[in-house]
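Numbering (my numbering), first residue to last: 498 to 857. Positions of the beta carbon are idealized from the N, C-alpha and C atoms, including for glycine.
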Amino acid sequence: MALQKRLERYSLGVMMAAASPTTSSSAAPATRLTDSHGRVIHDLRVSITDRCNYKCVYCRTGELGAQYAELGIGEYLRIIRLFVGLGIEKVRLTGGEPLLRHGLLELLQELARMRTLAGEPLDLALTTNGHLLESMAPQLKAAGLNRITVSMDAVDEPTFERITRIPGSFQTVLAGIRAARDAGLTPLKVNCVLLRGFNDGEIEGFAHFARRENVVVRFIEFMPLEEGRLWTPQIVVPLQEIVERIQRVLPLTSLPPREASETARRYTFADGVGEIGIIAPVSQAFCGACSRVRLTSDGKIRTCLFSQTEHDLYGRMRAGQSDAELSAFIAGTVQGKEARHHIGEPGFLKPSRSMVHIGG
Ligand code: SAM
Numbered sequence: 498m499a500l501q502k503r504l505e506r507y508s509l510g511v512m513m514a515a516a517s518p519t520t521s522s523s524a525a526p527a528t529r530l531t532d533s534h535g536r537v538i539h540d541l542r543v544s545i546t547d548r549c550n551y552k553c554v555y556c557r558t559g560e561l562g563a564q565y566a567e568l569g570i571g572e573y574l575r576i577i578r579l580f581v582g583l584g585i586e587k588v589r590l591t592g593g594e595p596l597l598r599h600g601l602l603e604l605l606q607e608l609a610r611m612r613t614l615a616g617e618p619l620d621l622a623l624t625t626n627g628h629l630l631e632s633m634a635p636q637l638k639a640a641g642l643n644r645i646t647v648s649m650d651a652v653d654e655p656t657f658e659r660i661t662r663i664p665g666s667f668q669t670v671l672a673g674i675r676a677a678r679d680a681g682l683t684p685l686k687v688n689c690v691l692l693r694g695f696n697d698g699e700i701e702g703f704a705h706f707a708r709r710e711n712v713v714v715r716f717i718e719f720m721p722l723e724e725g726r727l728w729t730p731q732i733v734v735p736l737q738e739i740v741e742r743i744q745r746v747l748p749l750t751s752l753p754p755r756e757a758s759e760t761a762r763r764y765t766f767a768d769g770v771g772e773i774g775i776i777a778p779v780s781q782a783f784c785g786a787c788s789r790v791r792l793t794s795d796g797k798i799r800t801c802l803f804s805q806t807e808h809d810l811y812g813r814m815r816a817g818q819s820d821a822e823l824s825a826f827i828a829g830t831v832q833g834k835e836a837r838h839h840i841g842e843p844g845f846l847k848p849s850r851s852m853v854h855i856g857g
């Protein structure tokens, strides 16, 4: 359905339902974010900058490329409040590197005051490379952050620093992980993107790391979202191979999903100590249960990581549209969310922005 039609269909309902999202309401909302495939969208990822202080080889070319605009903290807050008024319950701040963003703590403090349509606090999460985490972890916790995910692509120091291309980064990130855990930002997740020939030798080491450091390690299949041209089907280390490799050294037990939209297949070890998750968007896509939508740092809505179209919410805001009009635009846009991605299929097109500029 054309975007204009969707907008017309949804604008009336949303305008009538434009209750303040910061007030709890016992009545069922008139409009929640759903798409035309019957999925309910309750998870918003917001990139608050596309600047990053790392140059991970699988993500960035190492050249200083295009940088997209950043909105003011108050502008992100207005937009997030509109999304929350439409049923968003979980907000993840990302980037680029979100800890580089001036005003982050104020943003978190305000987000922690918002309430979902059910009157509950938001589930507030953040994804970081961990470089600035050691000093910031207690402040992030105090500002209201609930959970944090730290990206760490190797437990072997030289391998890690070959990937980040930042000398000294391994010890810095390790200290950040420990500080976040000590600050109570738990369960603490450590994400590792696996690439054959780069860091696939790290799988077993990460299994031990999860237990030793008391963190949840999640392996992520590499997706074609890099700035350069590295992705091939062969470079992806698939879920099955990861499970088999860990099983050989530490027997795994499968854990049941906690919710339908959970992206990770979860496992614990035979003695119940430690957790591993595998996110397999390539070999075992989970688009059918996707509950996510994204906002780029410059205020565009992306309904899928692999969207070919972005929807300029901030442009409408700057043009003076009312909250009700913006909510109608959001609802209509989300209706058109793509059914699934087409990684590996003939004719697959990479999106115009790479992961660091979309917000992972
Ligand atoms: N700077 C933060 C960080 O490092 O976590 C947040 C942004 S980063 C783009 C978010 C996550 O996306 C990281 O865990 C990163 O490893 C992951 N990522 C980047 N490129 C990816 C790709 N092509 N496929 C899968 N994950 C990717």
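Nearest-angstrom Cα separation, counted from residue j out to residue i
{"i": "Gly841", "j": "Tyr565", "result": "28 Å"}
{"i": "Pro526", "j": "Glu586", "result": "Confidence at Pro526 is low in this model, with a pLDDT of 47, below 50, so its placement is unreliable and the value that follows should be read with caution. Near 13 Å, if we compare the C-alpha coordinates of Glu586 and Pro526."}
{"i": "Gln781", "j": "Leu691", "result": "15 Å"}
{"i": "Gly569", "j": "Glu741", "result": "47 Å"}
{"i": "Phe706", "j": "Arg789", "result": "29 Å"}
{"i": "Met720", "j": "Gln818", "result": "36 Å"}
{"i": "Pro595", "j": "Thr546", "result": "6 Å"}
{"i": "Thr531", "j": "Thr806", "result": "18 Å"}
{"i": "Met512", "j": "Ala825", "result": "Confidence at Met512 is low in this model, with a pLDDT of 45, below 50, so its placement is unreliable and no value can be given for it."}
{"i": "Arg763", "j": "Val831", "result": "29 Å"}
{"i": "Arg529", "j": "Met852", "result": "27 Å"}
{"i": "Arg745", "j": "Ile827", "result": "48 Å"}
{"i": "Phe703", "j": "Ala816", "result": "49 Å"}
{"i": "Lys686", "j": "Asp809", "result": "32 Å"}
Opening and closing residue of the beta strand (DSSP E) in which residue i lies
{"i": "Thr750", "result": "749–752"}
{"i": "Leu810", "result": "No beta strand (DSSP E) holds Leu810; the alpha helix (DSSP H) holding it covers 810–815."}
{"i": "Gly878", "result": "A question about residue 878 goes unanswered here, because the residues of the chain that appear run from 498 up to 857."}
{"i": "Lys797", "result": "797–799"}
{"i": "Val790", "result": "789–792"}
{"i": "Gly774", "result": "772–776"}
Any non-hydrogen atom of the ligand SAM closer than 7 Å to residue i Cβ
{"i": "Ser648", "result": "yes"}
{"i": "Gly593", "result": "yes"}
{"i": "Leu621", "result": "no"}
{"i": "Gly857", "result": "yes"}
{"i": "Asn626", "result": "yes"}
{"i": "Phe766", "result": "no"}
{"i": "Met720", "result": "yes"}
{"i": "Tyr811", "result": "no"}
{"i": "Val543", "result": "no"}
For residue i, the first and last residue of its enclosing alpha helix (DSSP H)
{"i": "Arg610", "result": "601–610"}
{"i": "Val831", "result": "820–832"}
{"i": "Val853", "result": "852–855"}
Three or more C-beta pairs below 8 Å linking the segment 666–685 and the segment 619–632
yes
Extract the residue ranges of the beta strand (DSSP E) inside the segment 614–701, only unbroken runs of 3 or more that lie entirely within it.
620–625, 644–648, 686–691
Please confirm if the segment 675–683 is in contact with the segment 693–700, defined as three or more CB-CB distances below 8 Å between the two stretches.
Cβ pair count under 8 Å is below three, so no.
Examine the Cβ distances between the segment 541–560 and the segment 649–666 and report whether three or more of them are shorter than 8 Å.
yes
Identify every run of the alpha helix (DSSP H) within the segment 709–767, keeping only runs that are complete inside it and at least 4 residues long; order them along the chain.
736–746
Cβ contact (3+ pairs, closer than 8 Å) linking the segment 763–771 and the segment 797–805
no
Go through the segment 527–590 residue by residue and report every complete run of the alpha helix (DSSP H) that reaches 4 residues or more, in order.
Within the segment 527–590, the complete alpha helix (DSSP H) runs of at least 4 residues are 570–581.
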